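Here's the structure, in structure tokens; my notes come after.
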Amino acid sequence: MCARYRGDWRQDLIFGLDAFAPFIAGAVIIVLFVLFAVEWRPPEVTALGAVAAFLIVGLLTPEDLVKSLANSAPVTIGAMFIMSAALVRTGVLDELARTLISRVGSRPSLAIFGYLVIVAALSAFMNNTPLVMMMIPVALALAEQVKEAPSRHMIPLSYVAVLGGMVTMIGTSTNILVDGVARDAGMAPFNIFEIAPVGVPIAVAGLLFVFLFRRLLPERISIASLLGQNESPRFIVELAIESQSPHIGERAIEVKDFNQSDSRLVDVVRGDASLRREMDQVTLQEGDIVVLKSPMKEILGFKQSPDIKTPDGGLQPLSARSSILVEVLLGPGAAFIGKTLRHLRLRRRYGVYPVALHRKSENLADRFEYTPLEIGDTLLIEGAPEDLKRLCDDNSLTNISMPRERAVKKSHAPIAIATLFAVVALATVGVMDISGLAPIGAAVVLLTRCVEADEAFSSVDWRILILIIAMLAIGKALDNSGLIQGIVQGAAPILAQTSPLVALALVYILSMFLTELISNNAVAVIVTPIAIGLAQSLGVDQRPFVVAVMFSATCAFMTPFGYQTNTLVYSVGGYKFADYLRLGTPLNLITATMAIALIPVFWPF
């Protein structure tokens, strides 16, 4: 019997439809999965739409929605984001990165292997999304020093972070979420290292495979390299067209002064509007600001021109206007997500010029400033170093062209490390559950100012938390509808004729396949109750089936969408979709085979 509201109009809306509740729920879930797969809207928005649908038809009550907020998973995950931010802010990761890069010259292969081991080890105890964001510039620097294409290092970085996260319960949001769903179903909480007997062998095998076979990945050139990052030094100069200039009425691209062999016309600004995208048709007018990128000798030559003057009576100091080209990555916390470059007006606010937008496997060259920006996009931006630094700092962008110089609180590093160690140790010995220790740890790093409050809260991926809460509510709606029970009752008679190991393998494969197509957190919430129900109907222990969901909903390597870190490195490495299949398919087979074989050893049926 589905849940009902007390309001008469809501009862009328679902009157007589109780018998069809599983079919209604199934239809909503199918639509949800399709919209997830085609990326119609961000996953969290799509999930909220499904929650609204379930509320309307009466399969979900406001009380159910409030109970979803009481699940321990969102709070634990949010707290882990804050503790991860403290490790970044205190310079713990920066010090490791510098040590790695300094040792590349003598033994490059050992340095690369050591870097992968460090990433795997760190991801076991901190959220892997900020870890990957932090390590992308390091991986690019390593690739440059060993003279390898970045594409040989980006996917391995993501994969190793995912593998390392499977060593502990706090290594990935999926583990924490599955544990939360299992608790709601009446199961005992998982210990922080309970999955380590399976996670460690899988992480070691996966890391060795990625290190030894990373050359299966093709060599692809980054967007910055394609657009001339290594050219000789240039400077940005803004030139104002005076009323007596003979260039008034001329097309900007035909003015000889602006098109010397070593100069490049970057933009023409009229009032507050940039005319860069219509440059071929721009006819110069009095008061126009012409933006050029030129070597110093050309800029000095403009001083002698009677037709042109620099704004405000002179050139900016050349040292302050030196121009570089950098590639920046938009992570989950970037302020640009969902906005367009035209709306952001970067030239006016920061004095920088977007040159190109790279998304997934393509460069969006045509009118890219009108395209809403997404997580994982990379922007090629030109400007003065200090302006670019301010842009990245203000908007939580990651400059992947070089390891980022940041002000760190080194004196607070011992506090951040000790706090994380204490949380892990106390959870291990059972002093308190991780759902209580994680918020305490977050409070400690905030109160001791290892990380400032505004920076800490901006580091939290609120989109993931919203998605998790929405999916928990959807899971409750599926339970109310009877759909999960129907699936279990339909599958149980068939699986009863096989061994529990076959049933475990089928659950693993189903979850892994779905995770390759849609959000891993969505899969975790939906498949975990099914796995628990199947175990109960077969009369076997539920725990091995739940562990199978943890691994299968995380270890998905065949697509860029299987895990968020896969998406983050998609554009940075210049990958095509098929590149993930090259390394991801055999890695999926390795992890699946090992997990299915090892899980029953440590959690007998």
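Numbering follows our numbering, with no gaps: position 106 of the sequence shown is 735.
By construction, the Cβ of each residue, glycine as well, lies at the ideal position given by its N, Cα and C atoms.
These numbers were taken from a predicted model, which means no experiment stands behind them.
Where residue i sits in the DSSP three-state scheme
i, result
"Ile877", "coil"
"Gly942", "Any reading at Gly942 must be qualified, since the residue scores a pLDDT of 36, below 50, and its modelled position is unreliable; no value is offered."
"Leu856", "Reliability fails at Leu856, whose pLDDT of 48 lies under 50, so the model's placement of it is uncertain and no value is given."
"Ser902", "This sequence places Ala at residue 902; Ser is not what is there. Strand, per DSSP."
"Ala869", "strand"
"Leu929", "No answer about Leu929 holds up, because its pLDDT of 49 lies below 50 and its placement is not dependable."
"Pro847", "coil"
"Leu688", "coil"
"Ala964", "coil"
"Thr758", "helix"
"Phe665", "helix"
"Leu947", "Any reading at Leu947 must be qualified, since the residue scores a pLDDT of 30, below 50, and its modelled position is unreliable; the value itself is stated next. Of the three classes helix, strand and coil, the one that applies to Leu947 here is helix, per DSSP."
"Ile1147", "coil"
"Glu724", "helix"
"Ser1128", "coil"
"Val1178", "helix"
"Asp1169", "The sequence given here has Val at residue 1169, not Asp. Looking at Val1169 - three-state DSSP - the assignment turns out to be coil, as it is neither helix nor strand."
"Tyr634", "For Tyr634, the predicted model reports a pLDDT of 40, less than 50, meaning its position is unreliable and no value from the coordinates is stated."
"Leu1002", "coil"
"Ser861", "For Ser861, the pLDDT reaches just 48, beneath the cut-off of 50, and the residue's location in the model is therefore unreliable, leaving the point undetermined."
"Asn1217", "helix"
"Cys1021", "helix"
Pick from the options that is closest to residue i, judged by C-alpha positions
i, options, result
"Arg736", "Gln774, Val721 and Thr705", "Gln774"
"Gly960", "Met755, Ala817, Val761 and Glu1015", "Val761"
"Glu871", "Leu913, Ser738, Gly1104 and Met763", "Leu913"
"Phe822", "Ala814, Phe838 and Gly800", "Gly800"
"Phe842", "Thr1220, Leu1212 and Phe1234", "Leu1212"
"Pro651", "Ile1116, Ser752 and Ala817", "Ile1116"
"Ala1177", "Gln1165, Ser1087, Pro1014 and Val1136", "Val1136"
"Val833", "Gly743, Ile1138, Ala1085 and Leu771", "Gly743"
"Ser1264", "Leu684, Gly707 and Ala702", "The first residue shown for the chain is 630 and the last is 1234, placing residue 1264 beyond what the model contains."
"Val898", "Val884, Arg977, Gly967 and Glu673", "Arg977"
"Lys776", "Arg849, Leu684 and Ile1225", "Arg849"
"Ile1147", "Pro1122, Pro1189, Ile1113 and Thr1127", "Pro1189"
"Ile1159", "Gln1126, Leu1107, Tyr1199 and Glu1145", "Leu1107"
"Thr1214", "Gly1191, Ala1226 and Ile1228", "Gly1191"
"Thr1027", "Leu769, Thr803 and Val680", "Leu769"
"Met1187", "Leu1210, Val1169 and Tyr1204", "Leu1210"
"Val1089", "Ser787, Val810, Pro759 and Ala1153", "Pro759"
"Ser802", "Leu1124, Val1074 and Ile1063", "Ile1063"
Whole-angstrom C-beta distance between residue j and residue i, which should lie under 8 Å
i, j, result
"Leu1101", "Asn757", "With a Cβ gap of about 21 Å, Leu1101 and Asn757 do not count as contacting."
"Ile1098", "Leu698", "6 Å"
"Ile1219", "Phe838", "6 Å"
"Arg1092", "Glu673", "5 Å"
"Glu998", "Leu970", "4 Å"
"Ile711", "Ala1071", "4 Å"
"Thr1127", "Ser1181", "Incorrect: roughly 18 Å between the Cβ atoms, too far for contact."
"Pro1229", "Leu1130", "6 Å"
"Val984", "Ile1010", "7 Å"
"Ile1029", "Pro785", "Contact doesn't hold; Cβ gap of about 16 Å is too wide."
"Leu1133", "Pro1173", "6 Å"
"Cys1079", "Ala715", "4 Å"
"Leu792", "Ile741", "The pair is not a contact, with the Cβ atoms about 16 Å apart (cut-off 8 Å)."
"Gly962", "Pro1001", "That belief does not hold up - the Cβ atoms of Gly962 and Pro1001 are roughly 17 Å apart, past 8 Å."
Residue i and residue j closer than 9 Å at C-beta
i, j, result
"Leu824", "Met709", "The question names Leu, but residue 824 is Ile in the sequence shown. Against a cut-off of 9 Å, the Cβ pair of Met709 and Ile824 comes out as no contact."
"Leu1197", "Leu958", "yes"
"Ala869", "Ile918", "yes"
"Ala1185", "Asn1150", "no"
"Ser752", "Gly687", "no"
"Asp909", "Ser903", "no"
"Leu836", "Arg781", "no"
"Gly720", "Lys1105", "no"
"Ala814", "Thr1183", "no"
"Gln1171", "Met816", "yes"
"Asp808", "Ala702", "yes"
"Val704", "Val748", "no"
"Met783", "Gly1202", "yes"
"Leu1020", "Thr1007", "no"
"Arg718", "Glu1084", "yes"
"Ile653", "Ser1025", "no"
"Leu1017", "Tyr979", "yes"
"Val827", "Leu1216", "no"
"Ala1207", "Met1141", "no"
Residues bridged to residue i [DSSP beta-bridge criterion]
i, result
"Tyr1137", "Per DSSP, none; premise fails for Tyr1137."
"Val957", "Leu1008 and Asn1028"
"Ala985", "Leu1009"
"Thr912", "Arg880"
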